[in-house]
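Okay, structure first, notes after.
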Amino acid sequence: GMYAKLALVELRSQQGNCSAQCSTYHCYKGGPAEGEGQETGGCPLYSHPANLKDNRHCTLCMTCLKACPHRSVQLNLRAPGVDFGFPFLFPVPGTASATEHEASAHEVALMFLMLGAVVCHRLPEVLQQVGWSVDE
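Mapping the sequence shown onto my numbering, position 127 (from 1) lands on 127, and the numbers just tick up by one.
The structure is reproduced here in structure tokens:
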């Protein structure tokens, strides 16, 4: 979902392994235990990890990681905010920004709504720190 776009980790798979070795697609379809993969019901969002461009369609449930018989799915460290085209908290070595991301109106609106909710929630504490009374 939208909150996963700010995550420090991402699940991605090696495209070569998926296209060359896999014919069952247990990572998103689910299925019985095979090879090193465990029995799962498949991805709850029906997303294949090789086709993920950002974390919007991944809840980091790790089902694909457990199900893959070829060990193709990896948990990677990344900079927060890289799905929006910039790592805004701190850069993580070895990560790049997602230049192909095009923000949609609902993404921008939700981010402003979340920012406003945080400001409203913390406003009394900030006012107390600057010396203003919040009881009035």
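Backbone N, C-alpha and C fix where the C-beta goes; we use that ideal spot for every residue, glycine too.
Among the options, the one whose alpha carbon lies nearest that of residue i
| i | options | result |
| --- | --- | --- |
| Gln74 | Leu45, Ser13, Leu6 | Ser13 |
| Thr59 | Val119, Leu115, Cys22, Ala4 | Ala4 |
| Glu10 | Phe112, Cys22, Asn55 | Asn55 |
Neighbour-count burial assignment, residue i, 16 or more Cβ in a 10 Å radius
| i | result |
| --- | --- |
| Ala20 | exposed |
| Val82 | buried |
| Arg78 | buried |
| Gly37 | buried |
| Ala117 | exposed |
Three-state secondary structure (DSSP) of residue i
| i | result |
| --- | --- |
| Arg56 | helix |
| Lys5 | helix |
| Glu36 | coil |
| Thr99 | Residue confidence is low: Thr99 scores 48 on pLDDT, short of 50, so the model does not pin down where it sits. Its coordinate-derived value is still stated next. Coil. |
First and last residue of the uninterrupted alpha helix (DSSP H) at residue i
| i | result |
| --- | --- |
| Asn17 | 15-20 |
| Tyr28 | 26-29 |
| Cys43 | Here Cys43 belongs to no alpha helix (DSSP H), and DSSP marks it neither H nor E. |
| Ala67 | 63-67 |
Limits of the beta strand (DSSP E) - the one that residue i falls within
| i | result |
| --- | --- |
| Val126 | Segment 105-129 is the alpha helix (DSSP H) holding Val126; no beta strand (DSSP E) there. |
| Leu77 | 73-77 |
Contact belief for residue i with residue j at Cβ below 8 Å, rounded distance in angstroms
| i | j | result |
| --- | --- | --- |
| Cys27 | Cys68 | 5 Å |
| Val134 | Gln128 | 6 Å |
Proximity test, residue i beta-carbon vs the ligand ADP heavy atom, cut-off 7 Å
| i | result |
| --- | --- |
| Asn17 | Among the components modelled here there is no ligand, and therefore nothing to report on the ligand ADP. |
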